[in-house]
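Participant: Pasting in a structure now, in structure tokens, and then I'll have a few things to ask.
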Amino acid sequence: MRGIVDHLEGEIVVIEINGQTQDFNRSIFSEEVEVGDVVEINDNTGVVLKDQTEKRRAEVQKLMDELFE
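At position 65 of the sequence shown the residue is numbered 65 (our numbering), and the sequence of numbers has no breaks.
Written out as structure tokens, the structure reads:
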């Protein structure tokens, strides 16, 4: 399943998946996660999808730039 990191609570990563949030232990991720990261979780293993995260952040930044022009 794929989602976006909504927020971090200590050792818990809260991920938004299809409009709902789910909690996962930080230890399932092989690398550090940050708010806004696009992640994929399969078989209790989480992976940050760096390319999709960068693309999403660029899209959000573009919208912000247009909004505040």
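Glycine included, every Cβ here is placed at the ideal spot set by N, Cα and C. Note that the coordinates shown come from a computational prediction; the quantities given were computed from them, not determined experimentally.
1. With contact counted as at least three CB pairs below 8 Å, one residue from each stretch, are the segment 7 to 16 and the segment 53 to 68 in contact?
2. Note the first and the last residue of the continuous beta strand (DSSP E) segment covering V35.
3. List the DSSP bridge partners of N42.
4. Drop a sphere of 10 angstroms on the beta-carbon of D37, count the other beta-carbons inside from all chains shown, and report buried for 16 or more, exposed for fewer.
5. Using the rule of at least 16 other Cβ atoms within 10 Å of the residue's Cβ for burial, across every protein chain shown, is V35 buried or exposed?
Facilitator: Checking against the coordinates, here is how it stands:
1. no
2. From DSSP, V35 is part of no beta strand (DSSP E); its letter is neither H nor E.
3. Answer is T45.
4. buried
5. exposed
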